[in-house]
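Okay, so here's the structure we're looking at.
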Amino acid sequence: MLSPALHRQRFPGTTRTADPRHMRISHDHLEFWGLDISKSTLLPEADMTLPLLLGPTIEDHFRALGDKFAQPMLGILDTYLARIDPDPPMPANWILHYRDLLVFDIEVVVKLGHHPCLATARSATAWYAWVSPWVLDTNATMPIPETLIPMGPCAKCIIGHNVGYDATVIAEEYRLEGTQNVLIDTLSLHVAANGMSTQQRPTYEKVTRGNAARIPRWVPHSTAISLAATAKSYIGRDLPKDVRETFMTAELPVEIQEAFQELMNYCATDVVATADVFRAVFPQFRKKCPRPISFLGMAKMGSCFLPVTTR
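Sequence positions in the sequence shown follow my numbering and run 3 to 313.
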């Protein structure tokens, strides 16, 4: 498909000659469909200086590009996975933010809009909790729309399940100049590693309801995309959901205050589950998609935003 000039640059020392038999087959096929090649327009030969490859082959070139742009974030994730202690301690006194990586989750009061009321995060060394001013104001009737969660100025990996939803309340994501944060979505990692297609989903739902005549071989290797489903599949853990009802029904700050410890623990439990699912699914993702450019593409697609006006 390359012109001779481009072919010589990309594949030096090789010849490109067309087999006469293949040419005859091509001509016969065009004639069969009424396409007269004698009347076709010959385009000028493309001739330009191509950038030098970053390796002996095109595959090596794109691998080198992926390695270049996927770092340092890919290295940060690998370092996090290599840590022996999966649970950070909860020490007394002040602690510093771990600058490189956070596992993050938010909770919203559904009846009052999608503004955050609680959030928790954990790094490899510490736990963090965030509380909306609305929760602390007994006289408030609505969450403050402008209340967003700051994640700090340093670039970091932010891991979450369906993290695009959580990212809508991160303050730095609204900067028009963008951020250096990389959002890592365990839901997307699961879909890439063990997800199912739209056509497979009805079959999977029949199997889970016990209505399937047979169980296809792929069913035990996949699961639904919710955090509860992925936690059950990857780490064999059932997540408690009874406390979640408070977020569904609450309308006043006092309702959150009265169950504050339970609700904060619920949010933290989801963070622990997300971290453990990440530890399980990320190596599988790397096995299915070993090239760093695949990781880079997923990370970039998960960090896109569209600036809009008030209109």
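Yeah, the Cβ is synthetic: ideal placement off N, Cα and C, and Gly gets one too.
Check: Sequence-distant residues of the same chain with beta carbon closer than 6 Å to residue 55, five excluded per side; Outcome: 63
Check: Burial state of residue 40, where buried means 16 or more other Cβ atoms lie within 10 Å; Outcome: exposed
Check: Close beta carbons around residue 17, own chain, < 6 Å, minus the five adjacent residues each side; Outcome: none
Check: Option in 28, 46, 27, 80 with minimal Cα separation from residue 8; Outcome: 46
Check: Cβ neighbours of residue 240 in the same chain (closer than 7 Å, five flanking residues each side left out); Outcome: 234
Check: Per-residue DSSP class, three states only, for residue 257; Outcome: helix
Check: Residue from 304, 294, 305 whose Cα sits closest to the Cα of residue 61; Outcome: 294
Check: Neighbourhood of residue 153 by C-beta distance below 6 Å, restricted to the same chain and skipping five residues each side; Outcome: 172, 174
Check: Proximity of residue 162 and residue 51 at Cβ, strictly below 9 Å; Outcome: no
Check: Where the alpha helix (DSSP H) containing residue 6 begins and where it ends; Outcome: 6 to 12
Check: The alpha helix (DSSP H) enclosing residue 269, as first and last residue numbers; Outcome: 262 to 290
Check: Residue 132 - partner residues in DSSP beta bridges; Outcome: 121
Check: Three-state secondary structure assigned by DSSP to residue 47; Outcome: coil
Check: Residues of its chain near residue 273, where Cβ-Cβ distance is below 8 Å and the 5 sequence neighbours each way are ignored; Outcome: 105, 106, 107, 122, 123, 124
Check: Through-space distance from residue 231 to residue 242, alpha-carbon basis; Outcome: 12 Å
Check: Range of the contiguous alpha helix (DSSP H) that encloses residue 187; Outcome: Note, residue 187: premise wrong, no alpha helix (DSSP H); beta strand (DSSP E) at 184 to 187.
Check: Continuous alpha helix (DSSP H) assignments of at least 4 residues falling wholly in the region 210 to 259; Outcome: 229 to 237, 247 to 251
Check: Under 9 Å between C-beta atoms of residue 137 and residue 259; Outcome: yes
Check: Where residue 137 falls: helix, strand or coil (DSSP); Outcome: helix
Check: Of the listed residues 6, 267, 222, nearest to residue 197 (C-alpha basis); Outcome: 222
Check: Contact under 9 Å by Cβ, residue 181 with residue 157; Outcome: yes
Check: Within 9 Å, strictly: CB atoms of residue 253 and residue 70; Outcome: no
Check: As assigned by DSSP and simplified to three states, the class of residue 68; Outcome: helix
Check: For residue 107, the residue or residues it bridges with in DSSP; Outcome: 122
Check: Residues near residue 287 in its chain [Cβ-Cβ closer than 6 Å; skip 5 each side]; Outcome: 191, 194, 195
Check: According to DSSP, residues forming a beta bridge with residue 159; Outcome: 103, 184
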